[in-house]
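Note sheet for the following structure.
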Amino acid sequence: MDIVRREYWASDGSMVTREVSGSFYGFITRERSFDRDARRRETDLRFDAGNAQGIFNMTASEAA
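The numbering of the sequence shown is our numbering, which starts it at 586 and goes up by one.
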């Protein structure tokens, strides 16, 4: 499992850098597109078994 460093907004508005699983980062940064017919933004929520497995493995190792 690849670990990546990414910046996130904290609740106080500051930026924090965290090391997270690449699978986790891929899951939370789903692609957004604009549906011209519906005139709205949509998020790609298709299930990705590879990303899910990476997230499950990461959380299981943290719980142990």
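Think of the CB as a built atom: it goes at the ideal place given N, C-alpha and C, for glycine as much as any other residue.
None of the values given here were measured: they were computed from a predicted structure.
Margin query: Along the chain, where does the beta strand (DSSP E) containing residue 617 start, and where does it finish?
Written below: By one-based count along the sequence shown, residue 617 stands at place 32. Residue 617 -> beta strand (DSSP E) spans 617-620.
Next item on the list: Go through its chain and collect everything with a Cβ distance to residue 617's Cβ below 8 Å, but skip five positions before and after it.
Entry: Taking the first residue of the sequence shown as position 1, residue 617 is located at position 32. 626, 627, 628, 629.
Note to self: Here's the rule: buried if 16 or more other CB atoms are within 10 angstroms of the residue's CB, otherwise exposed. What is residue 596?
What the structure shows: Within the sequence shown, the letter at position 11 stands for residue 596. With fewer than 16 other Cβ atoms within 10 Å, it is exposed.
Check: Between the C-alpha atoms of residue 589 and residue 643, what's the straight-line distance to the nearest angstrom?
Finding: Taking the sequence shown and counting its residues from 1, the one referred to as residue 589 is at position 4. Taking the sequence shown and counting its residues from 1, the one referred to as residue 643 is at position 58. If I take the Cα positions, the gap works out to 13 Å.
Checklist line | Same chain, Cβ closer than 8 Å to residue 600, neighbours up to 5 away in sequence not counted | finding: In the sequence shown, the residue the question calls residue 600 occupies position 15. Cβ within range, chain order: 592, 593, 594.
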